[in-house]
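Working notes, beginning with the structure itself.
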Amino acid sequence: MLIYLNGQLVPENEAKISVFDHGLLYGDGVFEGIRTYNGRVFMLDEHIARLYRSACAIALDIKMPPEEMAQAVVDTCAANDTLNGYVRLIVTRGVGTLGLNPYLCREPQTIVIAADIQLYPKHLYEEGMAVVTAGTVRNHTEAVNPCIKSFNYLNNVLAKIEAINADVMEAVMLNAQGFVAEATGDNIFVVRGNELLTPPAWAGTLEGITRQVVMRLAKEKHGMDVRESMLTRYDLYTADELFLTGTAAEVIGVTVIDKRCIGNGRPGPWTLRLAESFHALAAGTGTPIKS
Ligand SMILES: Cc1ncc(COP(=O)(O)O)c(C=O)c1O
-14 MLIYLNGQLV PENEAKISVF DHGLLYGDGV FEGIRTYNGR VFMLDEHIAR LYRSACAIAL
46 DIKMPPEEMA QAVVDTCAAN DTLNGYVRLI VTRGVGTLGL NPYLCREPQT IVIAADIQLY
106 PKHLYEEGMA VVTAGTVRNH TEAVNPCIKS FNYLNNVLAK IEAINADVME AVMLNAQGFV
166 AEATGDNIFV VRGNELLTPP AWAGTLEGIT RQVVMRLAKE KHGMDVRESM LTRYDLYTAD
226 ELFLTGTAAE VIGVTVIDKR CIGNGRPGPW TLRLAESFHA LAAGTGTPIK S
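Using this note's numbering, you'd call the opening residue of the sequence shown number -14 and step up by one each time.
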């Protein structure tokens, strides 16, 4: 595998960064997870734009124009023949001292890994997934705002541990006020009649790119009444359908939450329709990897 590291494609065993990098020492950095489908990078511009917004929010000057970053993603996919895969794009704060001061880190490190991912087993996409609500609350928006896609995933890891300890694969996180935020690596949607509801960013959720695509498809293609809304556990327990979205997860139905069955216990018709429309769009759009 060839890894993009600061402008060069190097073999995996040569792709190394310093133990003094603040990405490692302090979780000081930002990243993106991006998918490729049929030889195209899906929603590349949107991912690059979010990366730069995350960097801006933590006062990290990437020192590389977004167009060059996008090209680095495409080139790494081409070099590895990642035509149907998953890309991890990482920008670390760079090498600094053992103190926190990020301004002493002069050179951000840019890494692109083009590989693959299977977040949940395939059969769960047909059968639906069981989740729990976590006791760990999602980061406060005035602490590390969940809109920042930073290396600081410990908040999510703690909730993931709760899920695994409860023998399920995913946890839904609430915010400090008790409103629904998101899952540990996915956004959450409630279907109620013809309505499609999802928490707004200020509930403490990442503005997911899959979320954005699904909201658009639901409104424009399926005529659903799509709204951002503060949601409580009541809304989850009484939903007609529940599903999660994410670049890695794509669209997956949730059929059990806190041991309560949703609908008839199978992924619902809207979930399946939206998943199908999502895959149709993903299969036919995106930035070509090889011209
Ligand atoms: C915490 C969190 N929420 C939501 C998402 C979904 O976002 P996207 O659809 O952009 O992958 C992700 C995945 O990146 C995530 O890590």
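Beta carbons: idealized from backbone N, C-alpha and C, even for Gly.
Open item on the list: On the CB-based measure, 16 or more other CB atoms within 10 Å of its CB, does F136 come out buried or exposed?
Closed with: In the sequence shown, the residue the question calls residue 136 occupies position 151. Around the C-beta of F136, 16 or more other C-beta atoms lie within 10 Å, and the residue is accordingly described as buried.
Task: Own chain, CB closer than 6 Å to L(-10), minus 5 neighbours either side, in chain order - done: Counting from one through the sequence shown, the residue named residue -10 turns up at place 5. Once the five neighbours on either side are set aside, the close Cβ partners of L(-10) are A0 and I96.
Open item on the list: What would DSSP say about E155, mapped onto helix, strand or coil?
Closed with: As a first step, residue 155 is located in the sequence shown; it is residue number 170 there, counting from the start. The DSSP-derived three-state label of E155 is strand.
TODO: Tell me where the alpha helix (DSSP H) around E(-3) begins and ends.
DONE: The sequence position of residue -3 within the sequence shown is 12, counting from 1. Here E(-3) belongs to no alpha helix (DSSP H), and DSSP marks it neither H nor E.
Open item on the list: From the DSSP secondary-structure annotation, give me the bridge partner or partners of I98.
Closed with: Looking up residue 98 in the sequence shown gives position 113. Here I98 is bridged, per DSSP, to R73.
Open item on the list: On the DSSP letters alone, give me the boundaries of the beta strand (DSSP E) that A166 sits inside.
Closed with: For the purposes of this step, residue 166 is identified with residue 181 of the sequence shown, where counting begins at 1. Going by DSSP, A166 is part of the beta strand (DSSP E) stretching over V165 to A168.
Open item on the list: Following a CB-centred definition, is I47 positioned closer than 7 Å to any heavy atom of ligand 1?
Closed with: Position 62 of the sequence shown, counted from the start, is the residue given in the question as residue 47. For ligand 1, not one heavy atom lies less than 7 Å from the Cβ of I47.
TODO: Run the CB neighbour count on Q94, radius 10 Å, all protein chains shown included, and call it buried at 16 or more, exposed below.
DONE: Here residue 94 refers to the residue found at position 109 of the sequence shown. Buried is the call here.
TODO: Measure how close the beta-carbons of P87 and D30 come, nearest whole angstrom, since I'm counting them as under 8 Å.
DONE: Start at 1 with the first residue of the sequence shown, and residue 87 comes out as number 102. Start at 1 with the first residue of the sequence shown, and residue 30 comes out as number 45. Between the beta-carbon of P87 and that of D30 there is about 27 Å, and that puts the pair past the 8 Å contact cut.
Task: Limits of the beta strand (DSSP E) - the one that N249 falls within - done: Residue numbering aside, residue 249 sits at position 264 when the sequence shown is read from its first letter. First-last for N249: undefined, no H or E at that position.
Open item on the list: DSSP three-state label for I33, please.
Closed with: The residue you call residue 33 lines up with position 48 of the sequence shown. DSSP places I33 in helix when its eight states are reduced to three.
Task: For D210, the first and last residue of its enclosing beta strand (DSSP E) - done: Residue numbering aside, residue 210 sits at position 225 when the sequence shown is read from its first letter. Per DSSP, the continuous beta strand (DSSP E) segment holding D210 begins and ends at D210 to E213.
Task: C-alpha distance - A40 paired with N249, whole-angstrom precision - done: One-based indexing of the sequence shown puts residue 40 at position 55. One-based indexing of the sequence shown puts residue 249 at position 264. Taking the straight line from one Cα to the other gives about 43 Å.
Open item on the list: Check whether the stretch 200 to 210 and the stretch 144 to 164 are in contact - that is, three or more C-beta pairs closer than 8 Å.
Closed with: No: fewer than three Cβ pairs fall under 8 Å.
Open item on the list: Among V26, F27 and L89, whose alpha-carbon lies nearest the alpha-carbon of D46?
Closed with: In the sequence shown, the residue the question calls residue 46 occupies position 61. The option with the nearest alpha carbon to D46 is L89.
- [ ] Could you check which residue in A42, A233, V72 and R245 has the C-alpha nearest to that of D220?
- [x] Residue mapping note: residue 220 aligns to position 235 of the sequence shown, counting from 1. The shortest Cα separation from D220 among A42, A233, V72 and R245 belongs to R245.
Task: Endpoints, alpha helix (DSSP H) assigned at N140 - done: What you label residue 140 is simply residue 155 of the sequence shown in a count that begins at 1. Its alpha helix (DSSP H) spans residues L139 to N150.
- [ ] Could you name the residues whose beta carbon sits closer than 6 Å to any heavy atom belonging to ligand 1, keeping them in chain order?
- [x] With 6 Å as the limit, the residues whose C-beta approaches a heavy atom of ligand 1 more closely than that are G18, N141, E167, G170, D171, N172, L191, G193, I194, T195, R196, T230, G231 and T232, in chain order.
Task: Cβ-based burial, P184 [other Cβ within 10 Å; buried from 16] - done: Here residue 184 refers to the residue found at position 199 when the sequence shown is read from its first residue. Classification of P184: buried, given that the 10 Å Cβ count is 16 or more.
- [ ] Tell me the start and end of each unbroken alpha helix (DSSP H) in the stretch 99 to 130 that is at least 4 residues and wholly inside, in chain order.
- [x] Scanning the stretch 99 to 130 from its first residue to its last, the whole alpha helix (DSSP H) runs of 4-plus residues come out as 108 to 112.
Open item on the list: Give me, in chain order, the residues of the same chain whose beta-carbon lies closer than 6 Å to that of K275; leave out the 5 immediate sequence neighbours on both sides.
Closed with: On the sequence shown, residue 275 is found 290 positions in, with the first residue counted as 1. Around K275: A63.
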